[in-house]
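Single-structure report; data block below.
Residue numbers (our numbering), protein chains in the order written: chain E, 1 to 307; chain W, 1 to 365.
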């Protein structure tokens with residue numbers, strides 16, 4: 001009987017020890033996994049859809065670029081990344097994830113990259129800026145996105161046509177603006193840089209005049225394709241954007257420096273982004289109109305993405 | 001005899017010293033014993049002219065690689081973050097085979113502090129920069145580059161030619177680039193030397209002139225021939241499969257026309273750091289499909305070989321989408337799993353620990 005009792009006691013002791021060990025292990029694991037978030041997590045999202053893209057090589061480049069950027073960001077300490085390219089790129093998901101970032105006190109910075117096609121959405125006679133989602137009627141529209149952004153949406157890079165447009169104010173004229181409030185038709189805000197940042201006075205050339213806490217990069221009028229070799233011959237704009245992210249995220253260069261270094265990596269005589277076609281501009285003919293186009297850096301090109 | 005030998009010895013020594021000093025001078029003021037970081041600091045102070053004594057300096061990165069674009073030559077890049085009250089910036093200097101090839105400044109906050117006040121006039125600032133750079137590098141061609149600059153009287157969009165050297169000033173109100181070219185057989189090749197200003201302030205310069213080579217300046221292929229080659233190439237690309245909303249593809253044919261066609265004689269690297277003339281030909285289609293609007297090709301103007309040939313396009317489709325929300329509801333399996341899950345896990349673990357401790361306490365009683 002004594003032996004049995006001793007065994008029961010021993011077993012109970014063993015169980016307690018096991019339970020305590022397990023609990024300690026769980027606590028340790030939880031501490032490890034939470035450490036990044038507790039200290040201030042930075043989040044990187046990549047989005048895009050090939051739904052409307054006819055060029056097979058471009059579709060491959062879009063997928064690869066999103067995957068590359070997401071892996072690059074995810075591999076950095078204190079960063080969490082998610083690649084939502086293709087099936088998960090739709091308005092509901094973009095707005096939902098954006099809300100999550102905003103409401104999560106442990107997240108302090110969101111870096112967004114999107115590649116895909118733009119469209120203009122006619123709402124009660126006002127043309128809004130938008131880009132396609134994976135499904136019909138799942139496009140991301142400036143006025144719909146607006147309530148879900150701001151706050152931590154510090155760095156946004158939208159590789160579509162027109163979503164970095166600078167245009168004459170449709171109501172007051174004269175002024176070149178990247179956003180306005182549609183008081184004529186009452187459809188809300190118009191302009192994607194404002195929809196993402198909620199900053200009304202970002203520098204319109206943040207590459208030459210860096211200032212502020214937010215950076216938004218987008219194309220004015222017609223974008224380039226990622227697979228376009230014409231400026232670099234041996235490389236293309238996909239290589240350029242991937243090198244940009246490498247220098248910005250891994251080397252911790254300012255946005256402007258990372259743009260310049262990415263340009264140097266392309267191996268041409270253009271040793272800065274300021275010398276490139278992307279900055280100086282190029283003309284593309286669409287529907288009989290020659291569109292003077294460029295990639296525009298809004299806000300603070302002096303921003304250093306957090307480490 | 002002894003005196004003659006002694007004199008000969010002294011003469012040889014002086015000659016040897018002279019040769020050593022000249023070699024050091026030609027290869028740039030910093031001696032070969034200096035580390036690349038020391039060389040970078042020397043370039044920032046002696047060429048750019050920043051007052052580094054006023055800054056706290058932190059090495060941000062020091063990277064060395066052998067990129068394909070430099071044909072295996074070693075590229076070293078040193079980046080410093082400099083900081084003082086009200087002024088913070090990153091400065092990046094690049095060296096190829098230990099030779100300074102670029103130095104650019106990226107202000108993060110405030111203005112930069114110079115040892116000597118920088119001229120507010122961009123032309124004078126460039127003249128001073130080149131003078132300091134020539135003293136630093138000793139390169140002979142810089143004298144010619146400085147001479148052509150003397151012929152310019154103001155900063156505005158311009159092209160000036162002197163002999164076979166050309167100076168181009170380009171840019172806008174915000175950003176000015178001063179670029180030197182050399183013209184051979186009517187083809188403009190970049191010298192590799194350029195200076196950039198932003199908002200009237202010096203941003204930096206680059207000089208790859210000792211590494212750039214001209215492979216050929218002969219244009220054997222006419223413009224018409226380049227167009228013909230491009231059109232011939234395009235034939236294999238004009239059938240497109242345009243995606244539809246139901247996941248299928250519609251086959252369409254791009255109809256290329258001569259309207260808005262672009263033909264330009266450019267130069268590009270065929271081998272690392274070696275430039276050749278290149279015809280750029282861009283053809284537009286009558287109608288764009290799925291963002292594909294035409295075809296472009298680069299044709300080497302000396303050989304007629306194709307550098308690249310591809311469809312052109314953009315990321316935009318002219319249409320309008322219905323605003324009714326037919327998209328799926330966001331699932332809980334994406335962001336939640338990566339970030340929100342951590343929080344959930346943390347809470348769950350805390351609850352488990354508390355429950356388990358209570359149970360243990362009960363049992364021990």
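Where a beta carbon is used, it is the ideal one built from N, C-alpha and C, also for glycine.
Residue W:191 holds the alpha-carbon nearest to the alpha-carbon of residue 275 of chain W among W:191, W:86 and W:247. For residue 255 of chain E, no beta strand (DSSP E) encloses it; the enclosing alpha helix (DSSP H) starts and ends at 255-265. With a threshold of 16 other beta carbon atoms within 10 Å, residue 191 of chain E meets it and is buried. In the three-state reduction of the DSSP assignment, residue 147 of chain E falls in the helix class.
Under the 8 Å criterion on CB atoms, residue 253 of chain E is classed as interfacial with respect to chain W. Unbroken beta strand (DSSP E) stretches of 3 residues or longer found wholly inside the region 104-178 of chain E: 107-115, 118-123, 126-131 and 155-159, given in chain order. Nearest CB-CB separation between residue 257 of chain E and chain W: below the 8 Å threshold. Excluding residues up to 5 positions away in sequence, 188, 189 and 190 lie with their Cβ nearer than 8 Å to the Cβ of residue 181 of chain E in the same chain. For residue 86 of chain E, the closest Cβ of chain W is not nearer than 8 Å. Sequence-distant partners of residue 297 of chain E (beyond 5 residues in either direction) whose C-beta falls short of 6 Å from its own C-beta, in its chain, are 206, 207 and 217.
Only 280, 282, 284, 288, 289, 290, 291, 292, 293, 296, 298, 307 and 308 from the region 280-309 of chain W bring a Cβ to less than 8 Å from some Cβ of chain E.
Of all alpha-carbon atoms in E:47, E:255, E:106 and E:287, the one lying nearest the alpha-carbon of residue 113 of chain E is that of E:47.
Membership of residue 229 of chain W in the alpha helix (DSSP H) is indicated by the continuous run 223-234.
Annotation: residue 66 of chain E has no Cβ neighbours in chain W at a cutoff of 9 Å; minimum Cβ distance is about 13 Å. For residue 196 of chain W, at least one C-beta of chain E is nearer than 8 Å to its own C-beta.
When DSSP states are grouped into helix, strand and coil, residue 68 of chain W belongs to the helix group.
Inclusion of residue 153 of chain E and residue 141 of chain E in the CB contact set at 8 Å is not warranted, their separation being larger than that value.
Per DSSP, residue 112 of chain W is not a residue of any beta strand (DSSP E), being assigned neither H nor E.
Nearest CB-CB separation between residue 164 of chain W and chain E: not below the 8 Å threshold. Of the residues E:230, E:253 and E:193, the one whose Cα lies closest to the Cα of residue 278 of chain W is E:230. Apart from the 5 residues on each side of it in sequence, residue 146 of chain W sits with its Cβ closer than 6 Å to the Cβ of 130 in its chain, given in chain order. In the structure shown, residue 169 of chain W adopts extended strand secondary structure according to DSSP, grouped into three states.
The continuous stretches of alpha helix (DSSP H) do not include residue 199 of chain W, and DSSP gives it neither H nor E. Proximity to residue 115 of chain W across W:138, W:46, W:160 and W:102 peaks at W:46, based on C-alpha coordinates.
At a cut-off of 8 Å between beta carbons, residue 117 of chain E contacts chain W. The Cβ-Cβ distance between residue 315 of chain W and residue 284 of chain W does not fall below 8 Å. For residue 238 of chain E and residue 69 of chain E, the gap between their C-alpha atoms comes out near 11 Å. Per the C-alpha coordinates, the member of W:42, W:286, W:158 and W:53 positioned closest to residue 133 of chain W is W:42. Residue 212 of chain W has its alpha-carbon roughly 27 Å from the corresponding atom of residue 124 of chain W. Here residue 170 of chain E is exposed, its C-beta having fewer than 16 other C-beta atoms within 10 Å.
Excluding five sequence positions before and after residue 83 of chain E, the CB atoms of its chain that fall closer than 7 Å to its own CB belong to 46, 66, 67 and 70, given in chain order. The C-beta separation of residue 250 of chain E from residue 72 of chain E comes to about 7 Å, placing the pair in contact by the 8 Å criterion.
Two segments are said to touch when three or more pairs of C-beta atoms, one from each, lie closer than 8 Å; by this definition the region 48-65 of chain W touches the region 83-97 of chain W. DSSP places residue 99 of chain E in the helix class (H, G or I) of the three-state scheme.
In the structure shown, residue 250 of chain E falls within a helical segment according to DSSP collapsed to helix, strand and coil. Rounded to whole angstroms, the gap between the alpha carbons of residue 261 of chain E and residue 247 of chain E is 7 Å.
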